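Visitor: In the numbering used here, the protein residues as written are 1 to 250.
All C-beta atoms, glycine included, are put in the ideal place defined by N, C-alpha and C.
Computed from a predicted structure; not experimentally measured.
To start, I am sharing the structure in question, which I have written as structure tokens.
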């Protein structure tokens, strides 16, 4: 069942205020790739490389991720830029490197950055688009995203998506990690990256595992969780005793 996209309102305007414009050009200002401006095979290749960089978030296109058939169709003008981006997003390589290694909420934020040029406004927007993934599947979610009014107004059929809004001074489209910490733990990345090793070494759990068996320090968390109530000895004073009641009556 195709559910309508839930309504959501931005809770912060920060990344909608600072836009990339032409008045103040700097090294962070993106170069906009349009198929209308391509008049030679070399310019067509530049648009193809820009599409790969945007979709796969790579500084240099990895040969393994290339889709030769799609490139040929695009070079022959049988695909628009919008459809080329759509097919790259639905490719097996994108699914294996991005979709399969992230949960739906993080996947929504990644796709908004790469296909709409902005990060998610808030958790409400992530939930709204996550419902689309749950009801339509990932391919349906991509169609809904790329066919949306926002994509059409920002890029149309002939412009490669680029970062339009930002919260900080640097672009984010090429700094998004490929997978989250849950996947890093599952595949063992945390055991090979020295940064995770250092963090793990200084963690309390790691230090407790180095203690010898039977060391009381290993069980302080368990003891704190039980939190037994202290039993105090009974306090009885001589003035509290009724001596007359102790005398047997005849």
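Using three-state DSSP, classify residue 164 as helix, strand or coil.
Guide: Coil.
Visitor: Rounded to the nearest angstrom, what separates residue 80 and residue 133 at their Cα positions?
Guide: So the two alpha carbons sit approximately 25 Å from each other.
Visitor: Counting only runs that start and end within the region 85 to 169, where is the alpha helix (DSSP H) found for 4 or more residues in a row?
Guide: Entirely contained in the region 85 to 169, the alpha helix (DSSP H) runs reaching 4 residues are, in chain order, 104 to 111, 123 to 146, 149 to 154.
Visitor: Note down, in chain order, each residue of its chain lying with its Cβ closer than 6 Å to the Cβ of residue 33, except the 5 sequence neighbours on either side.
Guide: Correct list, in chain order: 47, 50, 160.
Visitor: What is the DSSP secondary structure of residue 217, counted as helix, strand or coil?
Guide: Residue state, collapsed to three classes: helix.
Visitor: By the three-class DSSP mapping on this structure, what secondary structure does residue 209 have?
Guide: If DSSP states are grouped into helix, strand and coil, residue 209 belongs with the helices.
Visitor: Around the C-beta of residue 23, are 16 or more other C-beta atoms found within 10 angstroms, so that it is buried, or is it exposed?
Guide: Here the model assigns residue 23 a pLDDT of 43, short of 50, so the residue's position is not dependable, and the following value carries that caveat. Exposed, since its Cβ has fewer than 16 Cβ neighbours within 10 Å.
Visitor: Let me know if residue 42 comes out buried or exposed under the rule of 16 or more other beta-carbons within 10 Å of its beta-carbon.
Guide: Exposed: under 16 other Cβ atoms inside 10 Å.
Visitor: Could you name the residues that DSSP lists as bridge partners for residue 34?
Guide: Per DSSP, 159.
Visitor: Over what stretch of residues does the alpha helix (DSSP H) that includes residue 50 continue unbroken?
Guide: Note, residue 50: alpha helix (DSSP H), 41 to 56.
Visitor: Classify residue 226 as helix, strand or coil using the three-state DSSP reduction.
Guide: Residue 226 falls in the helix class under three-state DSSP.
Visitor: Please report how far the alpha carbon of residue 78 lies from the alpha carbon of residue 146, in whole angstroms.
Guide: Approximately 18 Å between the Cα atoms of the pair.
Visitor: Since residue 86 contacts residue 65 with CB under 8 Å, what's their CB separation in whole angstroms?
Guide: Not a contact, Cβ separation roughly 16 Å.
Visitor: Is DSSP giving residue 242 helix, strand or coil here?
Guide: In this structure, residue 242 counts as coil in the three-state DSSP scheme.
Visitor: What three-state label does DSSP hand residue 68 in the structure shown?
Guide: Helix at residue 68.
Visitor: Checking 8 Å against the spacing of the C-beta atoms, do residue 142 and residue 90 come in under that value?
Guide: Yes, the Cβ-Cβ distance between residue 142 and residue 90 is below 8 Å.
Visitor: When the Cα atoms are used, what is the spatial distance from residue 58 to residue 52?
Guide: Using only the alpha carbons, I get a separation of about 7 Å.
Visitor: Taking all protein chains shown into account, do 16 or more other C-beta atoms lie within 10 angstroms of the C-beta of residue 275, making it buried, or fewer, making it exposed?
Guide: Given a span of 1 to 250 for the chain in the structure shown, any question on residue 275 remains unanswerable.
Visitor: Using CA atoms only, rank isn't needed, just tell me which of 117, 218, 98 is closest to residue 30.
Guide: Minimum Cα distance to residue 30 is reached at 117.
Visitor: To the nearest angstrom, how far is the alpha carbon of residue 211 from that of residue 105?
Guide: About 39 Å.
Visitor: Which residues in the same chain as residue 55 place their Cβ atom closer than 7 Å to its Cβ, once the five residues preceding and following it in sequence are excluded?
Guide: Contacts found: 85, 88, 89, 94, 114.
Visitor: Beta-carbon within less than 6 Å of residue 21's beta-carbon, same chain only, minus the 5 sequence neighbours each way: which residues are those?
Guide: Low confidence applies to residue 21: its pLDDT is 47, below 50, so where it sits in the model is not reliable, and the reading given next is rough at best. Same-chain partners within the cutoff: there are none.
Visitor: Is the CB-CB distance between residue 99 and residue 107 below 8 Å?
Guide: In this structure, residue 107 lies closer than 8 Å to residue 99 by Cβ.
Visitor: Alpha carbon to alpha carbon, how far is residue 223 from residue 119? Give it in angstroms, no decimals.
Guide: If I take the Cα positions, the gap works out to 44 Å.
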